[in-house]
Amino acid sequence: MITLTWKSNTTVPVEAECITPENLAGKSAAEVGRLAVQHGNRPESLGEFFSVAGDASDSEITIEGEMQRVKWVGAGMTRGRITVRGSIGMHLGSEMTGGIIDVHGQAGDWVGAEMRGGLIHVRGNAGHQVGAAYRGSRRGMRGGTILIDGAAGNEIGSTMRRGLVAIGGACGDFAGVSMIAGSVLLFGKTGVRTGAGMKRGTIALFPAADRDVETALLPTFRFDCEYEPVFMRLVLRQLRGLGFSPADRVATTTFRRYSGDLVALGKGELLIAARLG
Amino acid sequence: MQIDGVEIEDTFAEAFAMVAARAIITADSADWATTAAREATGYATSVIACDAEAGVERELAPDETPDGRPGASVLFFGFSRDKLEKAVANRIGQCVMTCATTACYNGVDQLDKPIKIGGSLRYFGDGFQTSKLLEQPLADSRQPSAVGNQPSTTPKEVVVQAARLRLPLTTLQAGRLHYANDQQSSRRRFWRVPVMDGEFLCEDKFGTVKGVAGGNFLILASTPRAALAAAERAVAAIRQSVRDVILPFPGGVVRSGSKVGSRYKKLRASTNDGYCPTLRGVTATSLPEGVAAVYEIVIDGLSLAAVEAATRVGVRAACLPGVVRISAGNYGGNLGPHHIRLHDVLK
Chain A
1 MITLTWKSNT TVPVEAECIT PENLAGKSAA EVGRLAVQHG NRPESLGEFF SVAGDASDSE
61 ITIEGEMQRV KWVGAGMTRG RITVRGSIGM HLGSEMTGGI IDVHGQAGDW VGAEMRGGLI
121 HVRGNAGHQV GAAYRGSRRG MRGGTILIDG AAGNEIGSTM RRGLVAIGGA CGDFAGVSMI
181 AGSVLLFGKT GVRTGAGMKR GTIALFPAAD RDVETALLPT FRFDCEYEPV FMRLVLRQLR
241 GLGFSPADRV ATTTFRRYSG DLVALGKGEL LIAARLG
Chain B
1001 MQIDGVEIED TFAEAFAMVA ARAIITADSA DWATTAAREA TGYATSVIAC DAEAGVEREL
1061 APDETPDGRP GASVLFFGFS RDKLEKAVAN RIGQCVMTCA TTACYNGVDQ LDKPIKIGGS
1121 LRYFGDGFQT SKLLEQPLAD SRQPSAVGNQ PSTTPKEVVV QAARLRLPLT TLQAGRLHYA
1181 NDQQSSRRRF WRVPVMDGEF LCEDKFGTVK GVAGGNFLIL ASTPRAALAA AERAVAAIRQ
1241 SVRDVILPFP GGVVRSGSKV GSRYKKLRAS TNDGYCPTLR GVTATSLPEG VAAVYEIVID
1301 GLSLAAVEAA TRVGVRAACL PGVVRISAGN YGGNLGPHHI RLHDVLK
């Protein structure tokens, strides 16, 4: 395992897409320290910002520190594991196709944007556009799993095509906007216009007992029925197996189903868990 | 060889290779799961005249099923993968999808030669069907919390952990690292077909294995009552303690044992006259003196070892007072590749 320890106090963004298990594998600590990063408008070496110890021959990387300005960590990774102990900046795991990123802290915007596979688990909060499509892109996340234990911002899973996003805390507006398919599970308070323009896919809401989310739904979602979708048992089981603690709070198997968004294809669904108490 | 005074004939059962699949059927209650399982495995005693051989392997507790509901495990056997696919899709479609509250899952880990089940039945949804693709997290051999890779982990613990986490067993055994986006075994697609009580959930593809069918032994007894009591005891013992096998005949017991061919051209099999007590005087009988009835136990299994284990357990349980001899059916060793010698499995 290789350990990168943040040692800088810069406030200028550091773009470090070189930090992936496959890129660091087979390199000595000195070689890793010489890898190129972008510091604002200047190229620098990774060793300017991190002290490096160990080697990544086992495809395991640990990064330590408060690195809100460090972007693109794990972008495009295909295998291995990155463990972040602290906070990390934008574009974490962007377009990754495999492997695991485990963040014991906060993450910035665009976590797992357009990812194809693998697992990202953020134990704290994340920013906007989790699993979303980049501006101008036709599709967002196309596979994999993103778990955010805390809160997240706007446009969760925007234009996602496949995969699973679960947000344990509150989220902002337009969750699941323009979804093509896939699943978004929201265990906390939600913003407005959830599922706007979704074509297919599932958005599941698990509201607290004292919250009425149905009156805030877009009028272009039509009520179908109250039922017990068996597939949701599989999804929740998988989340529990991954250590996503908000799923442990779900005690019901009954959901109210709405079809929509009828301004788009209308084959999507909003599943609202029965409130307890 | 004798067990409890019962002669074990020095002969062998001749068994055949067949393609096998396992389905896990769940429902809101154990009654409905069992109902669906029995319906799906009806009219499936022998490929002599049925599209498949099938049976209920065992009932499953909620913590043993993928969705946490009561369930049943059923096995299907066919002569070819194509025939098995057609038979299983028809049976799941007509007998499980139609049954209240059910869902159906693949029960075999190996997905390199799958058959399409949910992927065929989805068309019943008439365009309203949807699917969910679940990606299974795979264990990491370098993770302290990973299961199945610590030296102290026993095979049984691996199986238990695999069942608990719904992970492919083979993956755990290999102790693999990655989320493995390129491995089919880490991805499972489930079809959701709208039906009148909600949705029928069925896994897209079911794995198959090369199984063993036609394992058997014969219980020769002095009275029909003694023969049936021994057969019932053998069936109960096998069902209680042996996994990966089914006994496809009614109650697990066969009374119309057959021989190959017939004097009638259209029949591929006919009554095994050598074991019919009513024909003792007019045919070349295989019945020793004092035998008045014979029952056969036929065993299909996912492996030769499972069939041998079932034979061992069944024969031992069948050695009751009134039973004269235990024998086995074969075709002179010329047809089936698997010869299960009674004396060998009972050592």
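Protein chains in written order, with this note's numbering: chain A, 1 to 277; chain B, 1001 to 1347.
The beta carbon of each residue, even a glycine, is placed where N, CA and C say it ideally should be.
Tell me the residue span of the beta strand (DSSP E) that contains residue i.
i	result
ALA1021 of chain B	1012 to 1026
GLY144 of chain A	142 to 148
ILE2 of chain A	2 to 6
SER1241 of chain B	Careful: SER1241 of chain B lies outside any beta strand (DSSP E), inside the alpha helix (DSSP H) at 1224 to 1241.
PHE231 of chain A	Taken as a continuous stretch (DSSP letters only), PHE231 of chain A belongs to no beta strand (DSSP E), being part of the alpha helix (DSSP H) at 230 to 241.
HIS1339 of chain B	1338 to 1341
THR202 of chain A	202 to 205
SER1270 of chain B	1269 to 1271
GLU22 of chain A	Per DSSP, GLU22 of chain A belongs to no beta strand (DSSP E); it is in the alpha helix (DSSP H), 21 to 24.
GLU1203 of chain B	1198 to 1203
Count the other CB atoms, across all protein chains shown, that sit within 10 Å of the CB of residue i; report buried if there are 16 or more and exposed otherwise.
i	result
ILE1377 of chain B	With chain B running from 1001 to 1347 in the structure shown, residue 1377 of chain B is simply not present.
TYR1105 of chain B	buried
LEU1165 of chain B	Note on LEU1165 of chain B: pLDDT 42, under 50, position unreliable in the model; no value is reported.
PRO972 of chain B	The requested residue 972 of chain B does not occur in the structure, where chain B is confined to residues 1001 to 1347.
CYS1319 of chain B	buried
SER1256 of chain B	exposed
CYS1202 of chain B	buried
TYR1295 of chain B	buried
GLY144 of chain A	buried
ARG211 of chain A	exposed
ILE19 of chain A	buried
VAL1108 of chain B	buried
LEU1220 of chain B	buried
SER1029 of chain B	exposed
Closest Cβ-Cβ distance between residue i and chain B: below 9 Å?
i	result
THR3 of chain A	no
CYS171 of chain A	no
SER183 of chain A	yes
PHE231 of chain A	yes
ALA274 of chain A	no
ARG237 of chain A	yes
ARG200 of chain A	yes
TYR227 of chain A	yes
GLY188 of chain A	no
THR145 of chain A	yes
LEU234 of chain A	yes
GLY163 of chain A	yes
GLU117 of chain A	Residue 117 of chain A is actually Gly in this sequence, not Glu. Yes, GLY117 of chain A lies at the interface with chain B (some Cβ there is under 9 Å from its Cβ).
LYS27 of chain A	no
LYS267 of chain A	yes
So, is the C-beta of residue i closer than 9 Å to a C-beta in chain A?
i	result
GLU1199 of chain B	yes
PRO1070 of chain B	no
LEU1304 of chain B	no
ASP1067 of chain B	yes
LEU1134 of chain B	yes
GLU1157 of chain B	Low confidence applies here, because GLU1157 of chain B scores a pLDDT of 48, under 50, leaving its location unreliable and the question unanswered by this model.
ARG1192 of chain B	yes
THR1034 of chain B	no
ARG1341 of chain B	no
THR1130 of chain B	yes
THR1045 of chain B	no
ALA1103 of chain B	yes
Between which two residues does the alpha helix (DSSP H) harbouring residue i extend?
i	result
GLY1211 of chain B	First-last for GLY1211 of chain B: 1209 to 1221, but that is the beta strand (DSSP E), not the alpha helix (DSSP H).
VAL32 of chain A	29 to 33
request  = Counting only runs of 3+ residues fully inside the stretch 62 to 120 of chain A, write out the beta strand (DSSP E) ranges in chain order.
outcome  = Entirely contained in the stretch 62 to 120 of chain A, the beta strand (DSSP E) runs reaching 3 residues are, in chain order, 81 to 88 and 100 to 104.
key: Cβ contact check for the stretch 37 to 53 of chain A and the stretch 3 to 22 of chain A: 3 or more pairs under 8 Å   = Put simply, the stretch 37 to 53 of chain A touches the stretch 3 to 22 of chain A. At least three CB pairs are less than 8 Å apart.
key: Contact the stretch 1201 to 1213 of chain B vs the stretch 1076 to 1093 of chain B: 3+ CB pairs below 8 Å   = They touch, by the three-pair rule.
request  = Pair every Cβ in the stretch 1242 to 1254 of chain B with every Cβ in the stretch 1337 to 1345 of chain B, then say whether three or more of these pairs are closer than 8 Å.
outcome  = With a cut-off of 8 Å, the stretch 1337 to 1345 of chain B and the stretch 1242 to 1254 of chain B do not count as touching, because too few Cβ pairs lie within range.
ask   = So, do the stretch 231 to 251 of chain A and the stretch 174 to 194 of chain A have three or more beta carbon pairs nearer to each other than 8 Å?
value = They touch, by the three-pair rule.
key: Whole runs of the alpha helix (DSSP H) within the stretch 1020 to 1073 of chain B, excluding any shorter than 4 residues   = Complete alpha helix (DSSP H) runs here, min 4: 1030 to 1040.
ask   = Using 8 Å as the threshold, is the stretch 222 to 240 of chain A in touch with the stretch 250 to 266 of chain A, meaning 3 or more CB pairs across them?
value = Three or more beta-carbon pairs drawn from the stretch 222 to 240 of chain A and the stretch 250 to 266 of chain A are found closer than 8 Å, and the two stretches are therefore classed as touching.
message = Between the stretch 213 to 232 of chain A and the stretch 160 to 174 of chain A, can you find at least three pairs of beta-carbon atoms closer than 8 Å?
response = In short, these stretches do not touch, since the Cβ pair count stays below three.
ask   = Touch check for the stretch 267 to 277 of chain A and the stretch 1004 to 1017 of chain B: three-plus C-beta pairs under 8 Å?
value = Verdict: no, contact absent.
key: Uninterrupted beta strand (DSSP E) stretches inside the stretch 1286 to 1311 of chain B (no shorter than 3 residues)   = Qualifying beta strand (DSSP E) stretches, in chain order: 1293 to 1301.
The stretch 1053 to 1065 of chain B in contact with the stretch 1074 to 1083 of chain B per 3-pair CB rule at 8 Å = Touching, per the Cβ criterion.
message = Closer than 8 Å is the cut-off here; do at least three beta carbon pairs connect the stretch 148 to 157 of chain A with the stretch 85 to 100 of chain A?
response = Cβ pair count under 8 Å is below three, so no.
message = Tell me whether the stretch 15 to 24 of chain A and the stretch 55 to 65 of chain A touch, counting them as touching only if at least three CB pairs, one residue from each stretch, are closer than 8 Å.
response = Because the criterion of three Cβ pairs below 8 Å is met, the stretch 15 to 24 of chain A and the stretch 55 to 65 of chain A touch.
request  = Counting only runs of 4+ residues fully inside the stretch 1071 to 1131 of chain B, write out the alpha helix (DSSP H) ranges in chain order.
outcome  = If we require 4 residues or more, the alpha helix (DSSP H) runs fully inside the stretch 1071 to 1131 of chain B come out as 1081 to 1091 and 1118 to 1121.
query = Touching or not, the stretch 196 to 204 of chain A and the stretch 172 to 180 of chain A, by the rule of three or more beta carbon pairs under 8 Å?
reply = In short, these stretches touch, since the Cβ pair count reaches three.
message = My parser needs the beta strand (DSSP E) runs of 3 or more residues fully inside the stretch 150 to 176 of chain A; what are they?
response = As for any beta strand (DSSP E) of minimum length 3 sitting wholly inside the stretch 150 to 176 of chain A, the runs are 162 to 167, ordered along the chain.
query = On the three-pair Cβ rule with 8 Å, is the stretch 1216 to 1230 of chain B touching the stretch 1296 to 1311 of chain B?
reply = In the pairwise beta carbon analysis, the stretch 1216 to 1230 of chain B is classified as touching the stretch 1296 to 1311 of chain B: at least three pairs are separated by under 8 Å.
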